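Notes follow once the structure below has been shown.
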């Protein structure tokens, strides 16, 4: 097959690139090569099936990596503007997250597919790209099964390593590295963080609202408020997901500290505990915190802070013990040993380094190649930021790719 533009990857950024390229020049033959049997599978899983399209509040603090995503977004369409043109209505929640009005990711994908069909974008499914070769006047993209597509321009929108069941396994990043491209360190992002199972005994299934602080060698790196969920070997929840990118620079030196009662000071908690001592002197230590936390968490804190048998009467716990409990509630630390598997990660931190692309998202190394989406070295926080980058970067790559061909068509 011969095309003007071939797009490797039919996810959010690849679809946006195809739409924008055709809008820029309807005469172009644009082909999406998708590894799976259908495009857009990962879109269906975002926002727990609701598809968190974007966020009303987007700043540089929401993105991490060598590529400054927000600079590319200046002057570009917002997600609601983009989807309004596709006939999709949006709504907003209290945190500023943007969703389709239907609260269904399927509505988003249907709107995108309808627009692709109307524009005449072609889709080749089951195409796992394994090679890109530059010829005298065009590129040849070869699939694992030997199928080939020749095109004047290539947009690489193949994603990173996260969620391999959705068709992204990092193979295109590996190929670019083999071709000489600089690739930033790769780690799972927007993902649970692992810690020692021994430090989580008794907490599996517990959820707790708290303030999470990330430290490395005593330096505070980031703070988030939210709900933490405990498993047998990891900490989860949005406030934890947003810390995962820190492993790129602080692997082996990252600690999460949970303030399990952010509304109270250590002194207030100490006074509360001394009151409990007066109210429940003959009860066991396992009942010390039942008025503050769920039973499993209450027992966990008491055991870890006091190191005594939980049948020990509360009356026998001295001032030092009560202070230790209060301090642990305010700063319950966990040493992070890594992230969960790529199957559980929502995004990839790392990818094609900023030094390899220009302001048009074009390769500085090979004329005619463009990048967009998760394959480049930027990752957003949980809350619609990664999908906004996908829409924006896809549109930028698609538009500039199409414009670069205009002179050749005259």
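In this note's numbering, the protein residues as written are 69 to 478.
All C-beta atoms in this analysis are idealised placements derived from N, C-alpha and C, irrespective of residue type, glycine included.
Note that this is a predicted model, so its numbers are computed, not measured.
- The beta carbon of residue 463 sits closer than 6 Å to those of 84 and 88, all from its chain and outside the five residues before and after it, given in chain order.
- In this structure, the alpha-carbon of residue 274 lies about 6 Å from that of residue 297.
- In this structure residue 359 is in contact with residue 344, their Cβ atoms being roughly 7 Å apart against a cut-off of 8 Å.
- Of all alpha-carbon atoms in 467, 306 and 326, the one lying nearest the alpha-carbon of residue 412 is that of 306.
- In the assembly as shown, residue 155 is an exposed residue. Its beta-carbon has fewer than 16 other beta-carbons within 10 Å.
- Looking only at 369, 208 and 284, the smallest Cα-Cα distance to residue 311 is reached by 284.
- Look at residue 204 here: in three-state DSSP terms it is coil, with no helix or strand label.
- Secondary structure at residue 176: helix, using DSSP grouped into helix, strand and coil.
- A direct Cα-Cα distance of roughly 19 Å separates residue 227 from residue 426.
- Put simply, the segment 332-348 does not touch the segment 286-300. Fewer than three CB pairs are less than 8 Å apart.
- Residue pairing by DSSP puts residue 327 in a beta bridge opposite 279.
- Taking C-beta separations shorter than 8 Å and ignoring five residues to either side along the sequence, the partners of residue 99 in its chain run 69, 71, 73, 74, 75, 189, 190, 191, 192, 217 and 219, following chain order.
- A residue is called buried once 16 or more other Cβ atoms fall within 10 Å of its Cβ, and residue 212, having fewer, is exposed.
- Bounds of any beta strand (DSSP E) do not take in residue 336; it lies within the alpha helix (DSSP H) bounded by 334-347.
- For residue 396, same chain residues with a beta-carbon under 7 Å away, outside a window of 5 residues either side, are 369, 372 and 373 in chain order.
- If the five residues before and after residue 177 are omitted, its C-beta is found closer than 7 Å to the C-beta atoms of 108, 111 and 112, all from its own chain and listed in chain order.
- Listed in chain order, the beta strand (DSSP E) elements of length 3 or more contained wholly in the segment 421-447 are 437-439.
- In summary, residue 454 is buried, with 16 or more beta-carbon neighbours lying within 10 Å of its beta-carbon over all protein chains present.
- At a cut-off of 4 residues, not a single continuous stretch assigned as alpha helix (DSSP H) sits fully inside the segment 279-303.
- For residue 190, the enclosing beta strand (DSSP E) stretches over residues 190-192.
- The beta carbon of residue 144 sits closer than 8 Å to the beta carbons of 460, 463 and 464 from its chain, once the five residues preceding and following it are set aside; these are given in chain order.
- Our two residues, residue 449 and residue 258, have alpha carbons roughly 7 Å apart in a direct line.
- Put simply, of 356, 441, 201 and 388 the residue whose alpha carbon is nearest the alpha carbon of residue 378 is 356.
- Its Cα nearest to that of residue 237, the residue 414 stands out among 414, 451 and 383.
- A direct Cα-to-Cα measurement between residue 323 and residue 408 gives close to 16 Å.
- In this structure, residue 302 places its C-beta atom within 8 Å of the C-beta atom of residue 262.
- Residue nearest to residue 233 within the set 365, 457, 104 and 390 is 104 (criterion: CA-CA distance).
- Here residue 126 has 138, 141, 453 and 456 as same chain residues with Cβ atoms under 8 Å from its own Cβ, once five neighbours each way along the sequence are excluded.
- With 16 or more other CB atoms across the displayed protein chains lying within 10 angstroms of its CB, residue 122 is buried.
- In this structure residue 251 is in contact with residue 418, their Cβ atoms being roughly 7 Å apart against a cut-off of 8 Å.
- For residue 315, the uninterrupted alpha helix (DSSP H) run begins and ends at 315-318, by DSSP.
- Taken through DSSP and simplified to helix, strand or coil, residue 86 comes out as helix.
- Runs of the alpha helix (DSSP H) spanning 4 or more residues and lying entirely within the segment 90-153 occur at 109-113, 137-141 and 147-152, in chain order.
- Annotation for residue 221: the continuous beta strand (DSSP E) segment containing it runs 216-224.
- Contact annotation, residue 458 with residue 80: C-beta distance approximately 4 Å; criterion of less than 8 Å satisfied.
- Each of 94, 433 and 242 was checked against the Cα of residue 197, and the nearest Cα belongs to 242.
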